[in-house]
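**Q** Below you'll find the structure I mean.
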């Protein structure tokens, strides 16, 4: 079968199309014929070897996809069932969903007419957004949220979910051209974070501070966001687009200590399989009944995975990147 192979850590060009053997299955495993695979920022961490504990080369890239069950254990999903799934090695024509794996290694049934563009990002981007929205405390549920990367795969869904919860949403984007895409959601504000008056715009719409920040950037933005919080505010840090460190965090915590703010490092992979499956199923229902507009997608051929990564990293796209396979 064809697959995108990582033989060494590095930039996008280490992603190579190769022919490999069809995966061998254990009795409890499920084999899925992949229709499309979602491309996630986390895939770039895996490719670059950015953190300890991640897969080491050689490995097949990818973490989520949509496809059909080709082989399954007794009592498992029926052969031919269309699914959204999370597993390692999804940049390939076939992927194995292990029977005993990490909590996000799950498959959720999909109807045949659910668009592939909407399905390929459900398991990572969509699930992450759903779980992030669930982290808002009862005290902040009627407050104002600041959402980073609001035109990306997670942010697009998260903005809508927070509005449905009754929150005012200030969306941050990295380019003026992305602002129009979010206009239909009638958010409190859409702010270009690179604009000279970005801070003034945020303060205008949240004069007493923001209740919750969903930070996908890391780096120096963490300390900045602590200063943006209202009393009892939450900073939920879930990505590393600007860096895996947080310079100035200690000083910012001391500076804001008396306002009872909190910083939460969020890892959506820790929830149970049952909870993850319920979350994705709920999100599918919200898309099907029109409550949530699915993430727009830009498609690349499997062989062009390196180009998809380059496009993702330059931040010029709106929504989700996916690789078409089947």
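Numbering (our numbering), first residue to last: 1 to 326.
C-beta: ideal position from N, C-alpha, C; glycine also.
What do you get for residue 73, buried or exposed, if any count of 16 or more other CB atoms within 10 angstroms of its CB means buried?
**A** By the neighbour-count rule (16 or more Cβ atoms within 10 Å), residue 73 is not buried but exposed.
**Q** Pull up the distance between the alpha-carbon of residue 272 and that of residue 197, whole angstroms please.
**A** Computed Cα separation, rounded: 42 Å.
**Q** Return the Cβ separation of residue 269 and residue 103 in integer angstroms, given the expectation that the two are a contact with Cβ distance under 8 Å.
**A** Their Cβ separation, rounded to whole angstroms, is 6 Å, which keeps residue 269 and residue 103 in contact under 8 Å.
**Q** So, do the segment 46-60 and the segment 139-154 have three or more beta carbon pairs nearer to each other than 8 Å?
**A** Verdict: no, contact absent.
**Q** CB residue 148 to CB residue 132, shorter than 7 Å?
**A** Cβ distance not < 7 Å, so residue 148 and residue 132 don't count as in contact.
**Q** Assuming residue 326 and residue 93 make a contact with CB atoms under 8 Å, what is their CB distance in whole Å?
**A** Yes, they are in contact, since the Cβ atoms of residue 326 and residue 93 sit about 7 Å apart, within 8 Å.
**Q** Does the distance from the CB of residue 221 to the CB of residue 252 come in under 7 Å?
**A** It is not a contact, given that the beta carbons lie outside the stated cut-off.
**Q** If we call anything under 7 Å between Cβ atoms a contact, is residue 116 one with residue 84?
**A** Going by C-beta atoms, residue 116 is not nearer than 7 Å to residue 84.
**Q** Between which two residues does the beta strand (DSSP E) containing residue 5 stretch?
**A** Note, residue 5: beta strand (DSSP E), 2-6.
**Q** Does the beta carbon of residue 249 come closer than 7 Å to any beta carbon on chain C?
**A** The structure shown contains no chain C; it holds only a single protein chain.
**Q** Tell me the DSSP secondary structure of residue 321 in three-state form.
**A** Residue 321 falls in the strand class under three-state DSSP.
**Q** Using CA coordinates, which residue listed in 174, 58, 36 is at the minimum distance from residue 195?
**A** The shortest Cα separation from residue 195 among 174, 58, 36 belongs to 174.
**Q** Mind checking residue 26: buried by the 16 CB within 10 Å criterion, or exposed?
**A** Exposed, by the Cβ-count rule.
**Q** Which runs of the alpha helix (DSSP H) fall wholly inside the segment 17-91 and span at least 4 residues, in chain order?
**A** For the segment 17-91, whole alpha helix (DSSP H) runs of length 4 or above, ordered along the chain, are 41-48.
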